[in-house]
(Lines of atoms letter the chains of each structure in order from A and count residues from 1; the text may use other names and numbers.)
(Lines give C-alpha, C1' and ligand atoms only; values in the text may rest on other atoms or scores of the structure.)
Protein backbone atom coordinates (compact mmCIF):
# COMPACT_ATOMS: atom_id res chain seq x y z
CA UNK A 1 0.00 0.00 0.00
CA UNK A 2 1.34 3.43 -0.93
CA UNK A 3 1.93 5.88 1.90
CA UNK A 4 0.89 9.19 0.41
CA UNK A 5 3.27 12.10 0.93
CA UNK A 6 0.70 14.07 2.96
CA UNK A 7 1.17 11.52 5.74
CA UNK A 8 4.90 12.32 5.83
CA UNK A 9 4.59 16.11 5.92
CA UNK A 10 6.16 16.31 9.39
CA UNK A 11 8.69 13.50 9.31
CA UNK A 12 10.11 14.07 12.76
CA UNK A 13 9.97 16.49 15.67
CA UNK A 14 12.98 17.11 17.89
CA UNK A 15 13.39 17.62 21.62
CA UNK A 16 16.68 18.19 23.44
CA UNK A 17 17.26 18.83 27.15
CA UNK A 18 18.78 17.27 30.23
CA UNK A 19 16.75 15.47 32.88
CA UNK A 20 13.60 15.43 30.74
CA UNK A 21 10.55 13.25 31.35
CA UNK A 22 8.41 12.09 28.42
CA UNK A 23 4.89 11.32 29.64
CA UNK A 24 1.24 11.36 28.42
CA UNK A 25 -1.14 14.13 29.40
CA UNK A 26 -4.63 14.94 28.07
CA UNK A 27 -4.17 12.89 24.92
CA UNK A 28 -0.78 14.44 24.13
CA UNK A 29 2.82 13.43 24.80
CA UNK A 30 4.57 16.02 26.94
CA UNK A 31 8.35 16.37 27.24
CA UNK A 32 9.57 18.55 30.09
CA UNK A 33 13.22 19.13 30.90
CA UNK A 34 15.23 21.58 32.95
CA UNK A 35 14.91 24.32 30.33
CA UNK A 36 12.75 23.15 27.44
CA UNK A 37 9.22 21.80 27.15
CA UNK A 38 7.66 20.06 24.18
CA UNK A 39 4.15 18.95 23.20
CA UNK A 40 3.66 16.15 20.68
CA UNK A 41 0.91 14.07 19.17
CA UNK A 42 1.20 10.33 19.92
CA UNK A 43 1.42 9.65 16.14
CA UNK A 44 4.51 11.90 15.75
CA UNK A 45 8.04 10.63 15.20
CA UNK A 46 9.81 12.05 18.25
CA UNK A 47 13.59 12.46 18.16
CA UNK A 48 15.13 12.81 21.62
CA UNK A 49 18.62 14.01 22.49
CA UNK A 50 20.23 14.88 25.83
CA UNK A 51 19.25 12.62 28.73
CA UNK A 52 16.06 11.80 30.53
CA UNK A 53 13.40 9.17 31.09
CA UNK A 54 10.41 7.89 29.12
CA UNK A 55 7.18 6.95 30.85
CA UNK A 56 5.87 3.49 29.93
CA UNK A 57 2.37 4.91 29.37
CA UNK A 58 3.86 7.36 26.86
CA UNK A 59 5.35 4.42 24.94
CA UNK A 60 1.99 2.62 24.99
CA UNK A 61 0.17 5.68 23.65
CA UNK A 62 2.75 6.19 20.90
CA UNK A 63 2.57 2.55 19.82
CA UNK A 64 -1.23 2.68 19.85
CA UNK A 65 -1.24 5.72 17.57
CA UNK A 66 1.42 4.39 15.20
CA UNK A 67 4.05 6.94 16.26
CA UNK A 68 7.72 6.35 16.99
CA UNK A 69 10.67 7.42 19.11
CA UNK A 70 14.35 7.72 18.23
CA UNK A 71 16.79 8.25 21.10
CA UNK A 72 19.81 9.69 19.29
CA UNK A 73 22.35 8.59 21.89
CA UNK A 74 23.03 5.04 20.78
CA UNK A 75 20.49 5.33 17.92
CA UNK A 76 17.85 3.51 19.97
CA UNK A 77 14.70 3.01 17.90
CA UNK A 78 11.27 2.15 19.29
CA UNK A 79 10.11 -0.67 17.06
CA UNK A 80 6.96 -2.77 17.07
CA UNK A 81 4.70 -4.60 14.63
CA UNK A 82 3.66 -2.29 11.77
CA UNK A 83 5.68 0.63 13.16
CA UNK A 84 6.87 3.37 10.84
CA UNK A 85 10.40 1.94 11.01
CA UNK A 86 9.26 -1.62 10.17
CA UNK A 87 7.17 -0.33 7.22
CA UNK A 88 10.16 1.62 5.95
CA UNK A 89 12.40 -1.42 6.35
CA UNK A 90 10.10 -3.65 4.29
CA UNK A 91 9.83 -0.98 1.58
CA UNK A 92 13.61 -0.47 1.55
CA UNK A 93 14.25 -4.21 1.23
CA UNK A 94 11.82 -4.51 -1.68
CA UNK A 95 13.48 -1.54 -3.38
CA UNK A 96 17.15 -2.50 -3.04
CA UNK A 97 16.51 -6.17 -3.83
CA UNK A 98 15.08 -5.18 -7.20
CA UNK A 99 18.24 -5.16 -9.35
CA UNK A 100 16.68 -2.93 -12.01
CA UNK A 101 15.56 -0.34 -9.46
CA UNK A 102 18.84 -0.49 -7.59
CA UNK A 103 20.97 0.03 -10.69
CA UNK A 104 18.71 2.85 -11.90
CA UNK A 105 19.08 4.73 -8.62
CA UNK A 106 22.83 4.02 -8.44
CA UNK A 107 23.35 5.30 -11.99
CA UNK A 108 21.35 8.45 -11.31
CA UNK A 109 23.40 9.22 -8.17
CA UNK A 110 26.69 8.77 -10.02
CA UNK A 111 25.47 10.88 -12.95
CA UNK A 112 24.44 13.71 -10.62
CA UNK A 113 27.77 13.50 -8.78
CA UNK A 114 29.62 13.73 -12.10
CA UNK A 115 27.68 16.84 -13.13
CA UNK A 116 28.39 18.33 -9.70
CA UNK A 117 32.11 17.86 -10.35
CA UNK A 118 31.74 19.64 -13.68
CA UNK A 119 29.87 22.48 -11.97
CA UNK A 120 32.65 22.93 -9.40
CA UNK A 121 35.27 23.05 -12.16
CA UNK A 122 33.18 25.74 -13.87
CA UNK A 123 33.08 27.77 -10.65
CA UNK A 124 36.79 27.53 -9.84
CA UNK A 125 39.66 29.27 -11.61
CA UNK A 126 40.87 26.22 -13.51
CA UNK A 127 42.94 27.00 -16.62
CA UNK A 128 40.55 27.07 -19.58
CA UNK A 129 42.39 24.43 -21.61
CA UNK A 130 42.48 22.04 -18.63
CA UNK A 131 38.83 22.64 -17.78
CA UNK A 132 37.70 22.15 -21.37
CA UNK A 133 39.61 18.88 -21.72
CA UNK A 134 38.55 17.43 -18.37
CA UNK A 135 34.91 18.46 -18.67
CA UNK A 136 34.78 16.94 -22.16
CA UNK A 137 36.20 13.65 -20.93
CA UNK A 138 33.85 13.55 -17.93
CA UNK A 139 30.82 14.16 -20.17
CA UNK A 140 31.95 11.31 -22.37
CA UNK A 141 32.19 8.99 -19.35
CA UNK A 142 28.75 10.03 -18.04
CA UNK A 143 27.17 8.24 -20.99
CA UNK A 144 28.75 5.02 -19.67
CA UNK A 145 27.00 5.25 -16.28
CA UNK A 146 24.34 2.75 -17.27
CA UNK A 147 23.79 -0.93 -16.58
CA UNK A 148 23.22 -3.29 -13.69
CA UNK A 149 26.81 -4.23 -12.79
CA UNK A 150 27.72 -2.01 -9.84
CA UNK A 151 31.43 -2.79 -10.04
CA UNK A 152 31.46 -1.49 -13.62
CA UNK A 153 29.59 1.67 -12.63
CA UNK A 154 32.03 2.30 -9.78
CA UNK A 155 34.93 1.78 -12.19
CA UNK A 156 33.58 4.55 -14.43
CA UNK A 157 33.03 6.75 -11.37
CA UNK A 158 36.66 6.22 -10.33
CA UNK A 159 37.85 7.46 -13.74
CA UNK A 160 35.62 10.55 -13.45
CA UNK A 161 36.91 11.28 -9.95
CA UNK A 162 40.52 10.92 -11.07
CA UNK A 163 39.96 13.45 -13.87
CA UNK A 164 38.27 15.84 -11.45
CA UNK A 165 41.18 15.83 -9.01
CA UNK A 166 43.68 16.14 -11.84
CA UNK A 167 42.00 19.47 -12.66
CA UNK A 168 42.01 20.54 -9.00
CA UNK A 169 45.81 20.26 -9.00
CA UNK A 170 45.82 23.53 -10.95
CA UNK A 171 43.79 25.24 -8.20
CA UNK A 172 45.46 24.08 -4.98
CA UNK A 173 48.72 25.95 -4.24
CA UNK A 174 51.76 23.76 -4.85
CA UNK A 175 53.10 24.04 -1.28
CA UNK A 176 50.27 21.79 -0.02
CA UNK A 177 51.76 18.87 -1.95
CA UNK A 178 48.56 17.83 -3.70
CA UNK A 179 49.23 15.61 -6.72
CA UNK A 180 46.38 13.11 -6.47
CA UNK A 181 43.59 12.36 -4.00
CA UNK A 182 44.86 9.99 -1.29
CA UNK A 183 42.83 8.24 1.40
CA UNK A 184 43.26 5.92 4.36
CA UNK A 185 45.66 7.50 5.11
CA UNK A 186 45.80 10.91 3.38
CA UNK A 187 49.32 11.67 2.22
CA UNK A 188 49.06 15.39 1.43
CA UNK A 189 47.73 18.47 3.20
CA UNK A 190 44.70 18.94 0.95
CA UNK A 191 43.55 15.30 1.13
CA UNK A 192 43.75 15.49 4.93
CA UNK A 193 41.06 18.20 5.01
CA UNK A 194 38.91 16.45 2.40
CA UNK A 195 38.92 13.24 4.45
CA UNK A 196 37.85 15.08 7.59
CA UNK A 197 35.18 17.03 5.71
CA UNK A 198 33.77 13.85 4.19
CA UNK A 199 33.59 12.28 7.65
CA UNK A 200 31.58 15.30 8.88
CA UNK A 201 29.25 14.93 5.91
CA UNK A 202 28.74 11.18 6.47
CA UNK A 203 27.90 11.75 10.13
CA UNK A 204 25.40 14.46 9.29
CA UNK A 205 23.68 12.39 6.61
CA UNK A 206 23.56 9.31 8.86
CA UNK A 207 21.93 11.35 11.62
CA UNK A 208 19.23 12.55 9.21
CA UNK A 209 18.63 9.06 7.80
CA UNK A 210 18.00 7.72 11.30
CA UNK A 211 15.72 10.64 12.10
CA UNK A 212 13.61 9.84 9.06
CA UNK A 213 13.26 6.23 10.20
CA UNK A 214 15.24 4.58 7.40
CA UNK A 215 17.71 1.73 7.83
CA UNK A 216 21.17 3.13 6.94
CA UNK A 217 22.52 -0.32 6.05
CA UNK A 218 20.31 -0.73 2.97
CA UNK A 219 21.75 1.10 -0.02
CA UNK A 220 21.76 1.30 -3.81
CA UNK A 221 25.23 2.41 -4.87
CA UNK A 222 27.54 1.20 -2.10
CA UNK A 223 27.44 -2.49 -1.32
CA UNK A 224 25.74 -3.20 2.03
CA UNK A 225 28.21 -4.78 4.44
CA UNK A 226 27.38 -5.78 8.02
CA UNK A 227 26.66 -2.60 9.99
CA UNK A 228 28.25 -0.14 7.56
CA UNK A 229 25.89 2.84 7.00
CA UNK A 230 25.98 2.39 3.22
CA UNK A 231 22.90 4.53 2.58
CA UNK A 232 24.68 7.49 4.20
CA UNK A 233 27.50 6.97 1.68
CA UNK A 234 24.95 6.96 -1.16
CA UNK A 235 23.31 10.25 -0.14
CA UNK A 236 26.65 11.86 0.70
CA UNK A 237 27.85 11.07 -2.83
CA UNK A 238 25.40 13.69 -4.11
CA UNK A 239 26.72 16.37 -1.74
CA UNK A 240 30.50 15.91 -1.59
CA UNK A 241 31.23 18.69 -4.08
CA UNK A 242 28.53 21.10 -2.91
CA UNK A 243 29.32 20.74 0.79
CA UNK A 244 32.84 19.43 1.38
CA UNK A 245 34.82 20.52 -1.68
CA UNK A 246 33.36 24.03 -1.78
CA UNK A 247 33.95 24.38 1.97
CA UNK A 248 37.53 23.09 1.90
CA UNK A 249 38.99 24.43 -1.37
CA UNK A 250 38.74 28.14 -0.40
CA UNK A 251 40.76 27.42 2.76
CA UNK A 252 43.62 26.39 0.48
CA UNK A 253 43.29 28.88 -2.37
CA UNK A 254 43.33 31.65 0.27
CA UNK A 255 46.26 29.90 1.99
CA UNK A 256 44.33 29.96 5.28
CA UNK A 257 45.60 26.48 6.17
CA UNK A 258 49.00 26.58 7.86
CA UNK A 259 51.29 23.64 7.14
CA UNK A 260 53.08 24.12 10.45
CA UNK A 261 50.05 25.06 12.55
CA UNK A 262 47.11 23.00 11.27
CA UNK A 263 48.48 19.51 10.61
CA UNK A 264 50.22 16.58 12.23
CA UNK A 265 52.46 14.21 10.27
CA UNK A 266 53.07 10.55 11.08
CA UNK A 267 55.56 9.12 8.60
CA UNK A 268 53.93 9.52 5.19
CA UNK A 269 50.47 10.09 6.68
CA UNK A 270 49.10 13.61 7.17
CA UNK A 271 46.15 14.54 9.38
CA UNK A 272 44.58 17.73 10.65
CA UNK A 273 45.41 18.68 14.22
CA UNK A 274 42.93 20.26 16.63
CA UNK A 275 43.29 23.73 15.10
CA UNK A 276 43.00 22.36 11.58
CA UNK A 277 39.89 20.38 12.53
CA UNK A 278 38.33 23.55 13.90
CA UNK A 279 38.98 25.51 10.69
CA UNK A 280 37.53 22.82 8.44
CA UNK A 281 34.55 22.17 10.73
CA UNK A 282 33.74 25.90 10.89
CA UNK A 283 33.87 26.21 7.10
CA UNK A 284 31.80 23.01 6.74
CA UNK A 285 29.10 24.30 9.10
CA UNK A 286 29.03 27.67 7.37
CA UNK A 287 28.60 25.96 4.01
CA UNK A 288 25.85 23.68 5.33
CA UNK A 289 23.86 26.55 6.82
CA UNK A 290 24.37 29.13 4.07
CA UNK A 291 20.95 29.86 2.57
CA UNK A 292 20.36 30.47 -1.10
CA UNK A 293 16.80 31.55 -1.95
CA UNK A 294 15.75 30.58 1.58
CA UNK A 295 17.14 27.03 1.44
CA UNK A 296 20.36 25.69 2.95
CA UNK A 297 22.35 22.60 2.00
CA UNK A 298 21.23 21.05 5.29
CA UNK A 299 17.66 21.57 4.05
CA UNK A 300 18.63 20.02 0.71
CA UNK A 301 19.97 16.88 2.42
CA UNK A 302 16.72 16.49 4.35
CA UNK A 303 14.86 17.04 1.08
CA UNK A 304 16.75 14.22 -0.64
CA UNK A 305 16.05 11.77 2.18
CA UNK A 306 12.40 12.79 2.04
CA UNK A 307 12.44 12.12 -1.74
CA UNK A 308 13.95 8.69 -1.13
CA UNK A 309 11.28 7.93 1.46
CA UNK A 310 8.58 8.85 -1.05
CA UNK A 311 10.30 6.76 -3.74
CA UNK A 312 10.56 3.57 -1.73
CA UNK A 313 6.89 3.84 -0.73
CA UNK A 314 5.77 4.35 -4.33
CA UNK A 315 4.85 8.02 -4.06
CA UNK A 316 7.51 8.93 -6.65
CA UNK A 317 8.19 7.08 -9.88
CA UNK A 318 11.89 8.03 -9.82
CA UNK A 319 14.47 9.17 -7.30
CA UNK A 320 16.07 12.41 -8.54
CA UNK A 321 19.47 13.14 -6.94
CA UNK A 322 20.74 16.57 -5.93
CA UNK A 323 22.58 18.73 -8.47
CA UNK A 324 24.42 22.00 -7.93
CA UNK A 325 22.55 24.78 -9.72
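Numbering (our numbering), first residue to last: 12 to 336.
A virtual CB, placed ideally from N, CA and C, is assigned to each residue, including glycine.
- The straight-line gap separating the alpha-carbon atoms of residue 82 and residue 227 is approximately 16 angstroms.
- Shortest Cα-Cα distance from residue 75 to any of 301, 149, 110, 35 involves 35.
- Within the same chain, 292, 295 come within 7 angstroms of residue 211 by CB-CB distance, once the 5 residues on both sides are set aside.
- Close CB contacts of residue 93 within its chain, under the 8 angstroms cut and outside five residues either way in sequence, are with 77 (chain order).
- Here residue 176 has 191, 192 as same chain residues with Cβ atoms under 7 angstroms from its own Cβ, once five neighbours each way along the sequence are excluded.
- At a Cβ-Cβ threshold of 8 angstroms, residue 308 and residue 253 count as neighbours.
- Looking from the CA of residue 79, the closest CA among 317, 224, 304 belongs to 224.
- Between the region 159 to 167 and the region 211 to 222, the count of C-beta pairs closer than 8 angstroms stays below three; the two stretches do not touch.
- By the Cβ rule, the region 149 to 158 does not count as touching the region 259 to 274, because fewer than three pairs are nearer than 8 angstroms.
- At the C-beta level, residue 44 and residue 61 come within 8 angstroms of one another.
- By the criterion of a C-beta distance shorter than 6 angstroms, residue 25 is surrounded in its chain by 58, once the five residues flanking it on both sides are discounted.
- Excluding sequence positions up to five before and after residue 174, its CB lies within less than 7 angstroms of the CB of 145, 148, 149, all in the same chain and listed in chain order.
- Taking the CA atoms as reference points, residue 185 sits about 10 angstroms from residue 264.
- Residue range 95 to 107 is occupied by the alpha helix (DSSP H) that includes residue 106.
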